[in-house]
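In my numbering, the protein residues as written are 19 to 313.
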């Protein structure tokens, strides 16, 4: 009798494992649009939106699209004023890596704003489309320091500082900056700015003389940017999508593939809403080196 039970249990166990394996396989074959066993090649769309403060999750999704056999090309709609330097550079490098190491074309479609760090990231793509009225460019670096010293003097409050070396509290909001500190920060800005202009010059084929004019921090409309060689074509998201389909060799009516929407907690929703109204409120640091338009 015990042998019979053991045999039945083994059979049931095999059945359960087989069912689980089938379910896992089915889930792995399900697309983000909810369709099963769909092998049609398509364009993946990965929006880059808002202020750039982090790059990890976005790059992770980009790598998933790069490795997805059903993705024939990647289209990135950009609607960003820029943001912090390092994440902007990481986005640029990740897009460039796809361009150089993958057979999948990767295109940019600029929306309302694709400026500073948003433009920096776009440089890595095969082709950049902008609307005629897109605001782009803003090739430059900004660092801003709040000064509380006058207010503190009025209310009779001071800040006593003990430091190891002269520049340890450079940029402190509790006192005015001295000439040596201004020079120190200007050298930082100049170096990061040079990194930006070098990338623009290399990717867009713009010489040093023209970079002095184009890289003075001003913004351009999409049409102005196209004339200056900062973008490749004037066109809408749909224009970029059709061009990408043609480049990838798939039908222009191929379906689009979007990332799965992550579940958002109430805290994430609240934080995002407040961040949109008060950019930078959640940051513990008041000192930021940014590729960003200052408004």
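Glycine is no exception: its CB is placed at the ideal position from the N, C-alpha and C atoms.
Cβ-based burial, residue i [other Cβ within 10 Å; buried from 16]
i	result
residue 141	buried
residue 301	Low confidence applies here, because residue 301 scores a pLDDT of 48, under 50, leaving its location unreliable; read the following figure in that light. It counts as exposed.
residue 303	Only weak support is given to the placement of residue 303: the predicted model assigns it a pLDDT of 49, under 50, and the question is left unresolved by the model.
residue 98	buried
residue 182	exposed
residue 275	buried
residue 236	exposed
residue 330	Residue numbering for the chain in the displayed model covers 19 to 313; residue 330 lies beyond these limits and cannot be assessed.
residue 227	exposed
residue 123	buried
residue 223	exposed
residue 184	exposed
residue 201	exposed
residue 103	buried
residue 230	exposed
residue 247	exposed
residue 220	exposed
residue 225	exposed
residue 244	buried
6 Å Cβ shell around residue i - same chain, five flanking residues per side excluded
i	result
residue 177	192
residue 217	141
residue 120	84
residue 215	229 and 233
Contact belief for residue i with residue j at Cβ below 8 Å, rounded distance in angstroms
i	j	result
residue 255	residue 95	6 Å
residue 173	residue 249	That pair is no contact at about 50 Å.
residue 159	residue 211	5 Å
residue 108	residue 77	7 Å
residue 38	residue 161	Contact flag wrong, Cβ pair sits at about 55 Å.
residue 125	residue 93	5 Å
residue 266	residue 90	4 Å
Neighbourhood of residue i by C-beta distance below 8 Å, restricted to the same chain and skipping five residues each side
i	result
residue 105	70, 71, 72, 73 and 135
residue 194	165 and 167
residue 100	69, 70, 106, 133, 134, 135, 136, 137, 138, 156, 308, 309, 310 and 311
residue 50	Only weak support is given to the placement of residue 50: the predicted model assigns it a pLDDT of 49, under 50, and the value that follows is read from those uncertain coordinates. Cβ neighbours of residue 50 beyond the five flanking positions: 275, 276, 277 and 278.
residue 199	185, 188 and 189
For residue i, the residue or residues it bridges with in DSSP
i	result
residue 222	For residue 222, which the question treats as bridged, DSSP gives no partner whatsoever.
residue 125	93 and 145
residue 137	Bridge partners of residue 137: none, in fact.
residue 239	153
residue 309	101
residue 67	97
residue 274	61
residue 132	98 and 154
residue 251	147
residue 160	308
Residues near residue i in its chain [Cβ-Cβ closer than 7 Å; skip 5 each side]
i	result
residue 240	128, 148, 149, 150, 151, 152, 154, 249 and 252
residue 68	98
residue 259	61 and 93
Distance cut-off 8 Å: residue i Cβ against heavy atoms of the ligand PLP
i	result
residue 278	For the structure depicted, the ligand PLP is absent and the ligand set is empty, with no information on it obtainable.
C-beta neighbour in chain D for residue i, strict 9 Å
i	result
residue 105	Included in the structure is just one protein chain, with no chain D present.
- Message: Three or more C-beta pairs under 8 Å: does that hold for the segment 145-158 against the segment 104-118?
- Response: no
- Message: Measuring CB atoms only, is the segment 160-171 touching the segment 270-278, in the sense that at least three cross pairs come out at less than 8 Å?
- Response: no
- Counting pairs of Cβ atoms below 8 Å between the segment 119-136 and the segment 193-207, do you hit three or more? No, because fewer than three Cβ pairs between the segment 119-136 and the segment 193-207 fall closer than 8 Å, the two stretches do not touch.
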